[in-house]
Structure formats: C-alpha cells, structure tokens
Amino acid sequence: MEHRLTPFQWYHETQRSSGDSSPLEPAAASLRERFLLGLGTFSDEGLNAALSHRIDVFTASSACYPVLFPDRVNVSREVTLSPYDRLSTALTVAQVTGVQSLCSHYAARLAPLDSPDASRESNVRLAQITQYARQLASQPTLICSKAIQQLGEVGLSTQDIVTFSQIIGFVSYQARVVAGIAALAGRPAVVLPGFPQIEDAEPAGFSCTERSWQTRLPEIVVEQAQARQLDILDQSHPDARSESYYLLLAHDAPALHERNAVFNNITRHADGLSPRLKALVALVTSRINGSHYCAATLAHNIADRELARALVAGIGSRHLRWPTIR
408 MEHRLTPFQW YHETQRSSGD SSPLEPAAAS LRERFLLGLG TFSDEGLNAA
458 LSHRIDVFTA SSACYPVLFP DRVNVSREVT LSPYDRLSTA LTVAQVTGVQ
508 SLCSHYAARL APLDSPDASR ESNVRLAQIT QYARQLASQP TLICSKAIQQ
558 LGEVGLSTQD IVTFSQIIGF VSYQARVVAG IAALAGRPAV VLPGFPQIED
608 AEPAGFSCTE RSWQTRLPEI VVEQAQARQL DILDQSHPDA RSESYYLLLA
658 HDAPALHERN AVFNNITRHA DGLSPRLKAL VALVTSRING SHYCAATLAH
708 NIADRELARA LVAGIGSRHL RWPTIR
C-alpha cells in the first residue's frame, strides 16, 4: 500500500446535515447487510452496474464490521472496549453525520445490551468516550494531545484508542457511502436535526511543503510484536516495520488488515479518472477537514502548482483554475 494517510483517514471527511427526524427502526439491527443497511438492487440499471463494479469495495467494507463490532469481546488490561462501548461510539458518530438509517441501525444494536454500572467512574469514562467521539467526528482539528491523554486517564489503553479511532472513522465512512448511494438512487435523505453546516478548516498551518507523520501514542515494538502483527505489517507496506503510521495501527492488527483491504480496493478502481484528478479530489477533502499532512502530501501529485497552492490557501479562492486539471 503505497499511499500514506493519517490514522484518522477514515473519519477525516465527516459530513453533517440537518432536517426532520423520524422514529427509530428496531428492525434495523436484524439487517443482513450491516454495511449498506439494506441498500440493494435499484430500478436504475446504470446505478446497479456502477455498484456491481465496486463489489470488492463493499465486500471489504463489510468485512470490517465484525472486526470492529464483535458480538463478544474478551476484556483485558489492553482491551477494555466492550460491545456496549463500541456500539455507543458508533451511535454517537452516526448522530453527528445525521444519517437516520445509520442512527436506527446502531441504536437497535445497542438497545438490548447491558449498560455500564452506574458508578461515578463508569459515568466519567462513558462521558469522556462520547465527548471525544463526537468531537473527532465533527471537528477533528480540535483533537489535541490533551484529549488523547484524557482517554488514557479514564482507562483506555493505546490499543483501545487505536480501535476507538478506527470505529469513529469507519462509521463516518459508512455514513458517506450509505448517503451517497441513496442520493444516486433518488431516495430522499432522512436526517437528524440540530447539526449546523460545518465550516472549512482554517488556512493556518497548511502548506505545500511535505511533512513527516508523527504519532501522539507509543508504537508497537517490532522486536516484541506478535507474529500476526508482523504478518499484517508486512502485508501493509514494504517499509511498514519502520513507519510510525503502521506501527501505531498495528496495536489493533485485525482492524489494520481490514482497513488496508478497503483502501486498496478503493484505489484499485481507476474508473477512468486521471491520477491528478483523483489527487485533486483528495486534496480538496483534506483541505476542508484540516488534514495538514495529507494536504501537503497530495499537493505534490498535482502538476499545476498554482492550483495546489490556491487550494491549500482556501477552497473558495478566486485563483482556482479548474479547467487545467485533465
């Protein structure tokens, strides 16, 4: 996997919307297809063909679901996120996206589970998890070292925080896919109220100068890693054993493995788009959501340096010359 993004790649493109709400659907939890939430064959043959062309992406995405949301979790010192914690986090992120079908699904899955005990410690822990998930899904640029430290203070291990981040990113990604397919099918969006349009990230801190990626959490130690972690690292990238990005995500090696499959299947389908146009789309997304590292990396894949600089300065710049991208 040659393209390197931050560990928050999943959810660094969060969408939010507002509108009228509708009652929750208890049957949502029994949907056989837990990633596309029942979206199947449509009357539009062109849409069906487009979705069939991406079956590998949907298959890989669906494979992430049981890894991030297993029916049972063997809780230990390093793994403290229970099924309730995971689904509660997923519901929080779904509410941020505003996609009603996603909220219904995770609410229905969460409903039958036992909630944590009512102790002060449990309440503080759940409140901290919920606050972090909501902030990361809606305003990722506000996440700082202190916010991550606070997760540790309520008992989350490094592995927990990596898994937690993957869950937040996955649900945000799932929301975009579900909403996008529904829109292509001409289905009206049913969204939750109360979430104003998110503003583009401030231009401060952006540049076209390439950066090195640095983690705020300890990486795994290769010499002490489990065989499965090493195997998945080697599958991820030729240099994964020496790169902080992969050494951090390897704390939850199964999640990294499935995330790699999704990313690889998405990038494998060129769909007729030129590399520069794909880089442009990714750069705009990174700029809107405040990903300094990704924006700087992607800017080098756009031949038009003036356009890249204008995008980094601001999406609405009057200097943008869209026709130059072929």
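Just so we're aligned, residue 408 is where the sequence shown starts under this note's numbering, counting upward by one. Every residue gets a Cβ at the ideal spot worked out from N, C-alpha and C, and that includes glycine.
According to DSSP, what are the bridge partners of residue i?
{"i": "V629", "result": "V629 pairs with nothing; no bridge assigned."}
May I ask you to report which of helix, strand or coil DSSP gives residue i?
{"i": "V688", "result": "helix"}
{"i": "F670", "result": "helix"}
{"i": "S425", "result": "Here the model assigns S425 a pLDDT of 36, short of 50, so the residue's position is not dependable and the matter cannot be decided."}
{"i": "R439", "result": "Summary for R439: the model assigns pLDDT 45, below 50, so the residue's position carries little reliability, and this model does not support an answer."}
{"i": "R484", "result": "coil"}
{"i": "C701", "result": "helix"}
{"i": "A457", "result": "helix"}
{"i": "I550", "result": "coil"}
{"i": "L718", "result": "helix"}
{"i": "E452", "result": "helix"}
{"i": "R479", "result": "coil"}
{"i": "Q557", "result": "helix"}
{"i": "S614", "result": "coil"}
{"i": "P682", "result": "helix"}
{"i": "P661", "result": "helix"}
{"i": "S693", "result": "helix"}
{"i": "S608", "result": "Note that residue 608 is Ala in the sequence shown here, rather than Ser. In the structure shown, A608 sits in coil (DSSP, three-state: anything other than H, G, I, E or B)."}
{"i": "R675", "result": "helix"}
{"i": "E432", "result": "In this predicted model, E432 has a pLDDT of only 47, less than 50, meaning its place in the structure is not dependable enough to derive any value."}
{"i": "A623", "result": "According to the sequence provided, residue 623 is Arg. The question's Ala does not apply to it. If DSSP states are grouped into helix, strand and coil, R623 belongs with coil."}
{"i": "R594", "result": "coil"}
Counting only beta-carbon atoms, is residue i nearer than 8 Å to chain B?
{"i": "A501", "result": "The question asks about chain B, but that chain is absent: this structure has only one protein chain."}
How far does the alpha helix (DSSP H) with residue i in it extend, from its first residue to its last?
{"i": "L637", "result": "A634 to S643"}
{"i": "D711", "result": "Neither: D711 is in no alpha helix (DSSP H) and is coded neither H nor E."}
{"i": "P490", "result": "P490 to T504"}
{"i": "N530", "result": "R527 to S545"}
{"i": "L591", "result": "T565 to L591"}
{"i": "T396", "result": "The first residue shown for the chain is 408 and the last is 733, placing residue 396 beyond what the model contains."}
{"i": "R516", "result": "Q507 to L517"}
{"i": "L654", "result": "S651 to L656"}
Do you know whose CA, among the options, lies nearest residue i's CA?
{"i": "D463", "options": "L444, R675 and T499", "result": "R675"}
{"i": "H664", "options": "L475, A706 and C510", "result": "L475"}
{"i": "D492", "options": "C471, S450 and L558", "result": "L558"}
{"i": "F613", "options": "L640, L705, K553 and P625", "result": "L705"}
{"i": "D567", "options": "R532, F465 and A586", "result": "R532"}
{"i": "A501", "options": "L543, V486 and S529", "result": "L543"}
{"i": "S483", "options": "L563, R527, D451 and A497", "result": "L563"}
{"i": "Q556", "options": "Q535, N455, I575 and S545", "result": "Q535"}
{"i": "A702", "options": "P473, L718 and D711", "result": "L718"}
{"i": "Y472", "options": "R516, L687 and L656", "result": "R516"}
{"i": "H699", "options": "T616, A582 and D524", "result": "T616"}
{"i": "A470", "options": "V503, N672, L687 and R583", "result": "N672"}
{"i": "R527", "options": "V561, P547 and F442", "result": "V561"}
{"i": "F670", "options": "T466, G453, L454 and E626", "result": "T466"}
{"i": "Q573", "options": "D659, G587 and Q507", "result": "D659"}
{"i": "S522", "options": "Q546, G505, L494 and Q507", "result": "L494"}
{"i": "S649", "options": "A590, I639, R635 and V629", "result": "V629"}
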